[in-house]
Amino acid sequence: IPGLEARMEDLYLDDGISLIKAHYFTMGFDYGSDWGDFLRKVRLGADFYDARLDFRTLGKIAPELKGNPWVLKINGKVNGPISRLVANQLRIQHEQLNDLVSGTIAGLPKIQNTDFSLQVHECTTDTRSIESLITCFRPDFNPGTLANFAPRIPLHFTGNTLFAQRPCKQQT
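Residue numbers (my numbering): 4 to 175.
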């Protein structure tokens, strides 16, 4: 029967590292065979509240993040397959980073091929937090580059952003 969904209400998942809390968590699929291509064909949905996501947990499915020290506090909704998650009014917090975003994260779980196309509704951060975020995905980034430019200066911004891991092709 096409269009099936597994649903859990009041999800509380503690793996000893992360604590995921969601008002609901769903996994939707059209056919049983979709589970064989879980990353692309099974549609996830969640409404997170006070969730604590440690990147070491993510490192279990995205090895590039293994050993990464970031811990995010997450509130809001996501849906779609892992390979193309859509966020709607998702609040992300880490140290000095406080971000409210909507948009698409495409390419997971392969971090080096992941693109973030996000509308930033509001963001408060500083250069040290931005550097920490960049280093999560680009370990070859030289810390201090931004922090030396504007040390401890609070930054506030809104707008659209595209963060692509691959080098951009030069337009002719």
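Think of the CB as a built atom: it goes at the ideal place given N, C-alpha and C, for glycine as much as any other residue.
Residue i and residue j closer than 8 Å at C-beta
| i | j | result |
| --- | --- | --- |
| GLN99 | ASP129 | yes |
| LEU75 | LEU68 | no |
| ASP50 | ALA25 | yes |
| ASN82 | LEU47 | yes |
| THR148 | GLU134 | yes |
| PRO154 | THR127 | no |
| GLU125 | THR161 | yes |
| PRO112 | ALA65 | yes |
| LEU14 | PHE28 | yes |
| SER105 | GLN92 | yes |
Three-state secondary structure assigned by DSSP to residue i
| i | result |
| --- | --- |
| ASN199 | Nothing can be reported for residue 199, as the shown portion of the chain is limited to 4 through 175. |
| ILE23 | strand |
| ILE114 | helix |
| ILE156 | coil |
| ALA150 | helix |
| ASP53 | strand |
| LYS44 | helix |
| GLY31 | strand |
| ASP18 | coil |
| GLY6 | coil |
| GLY162 | strand |
| GLY39 | helix |
Residue nearest to residue i in terms of C-alpha spacing, selected from the options
| i | options | result |
| --- | --- | --- |
| ARG55 | LEU47, ARG94 and ARG87 | ARG94 |
| ARG43 | LEU158, LEU88 and LEU149 | LEU88 |
| ILE85 | ARG59, ASP37, PHE41 and GLY70 | PHE41 |
| ASP33 | ASN145, VAL45 and ILE137 | VAL45 |
| SER188 | MET30, PHE58, TRP38 and TYR27 | The structure shown does not extend to residue 188, since the chain is modelled only from 4 through 175, so no value can be given for it. |
| GLN96 | ALA109, TRP73, LYS80 and PHE152 | TRP73 |
| ALA110 | ASP102, VAL104, PHE119 and LEU103 | Sequence inspection shows Gly at residue 110; the Ala mentioned does not correspond to that position. With distances taken between Cα atoms, GLY110 lies closest to PHE119. |
Residue i: CB within 7 Å of a non-hydrogen atom of the ligand FAD
| i | result |
| --- | --- |
| LEU56 | By its list of ligands, the structure shown contains no ligand whatsoever, and the ligand FAD lies outside what it can speak to. |
>> Suppose only complete runs of 3+ residues qualify. What are the beta strand (DSSP E) ranges in the stretch 85-141, listed by chain order?
In response: 87-97, 100-109 and 118-128
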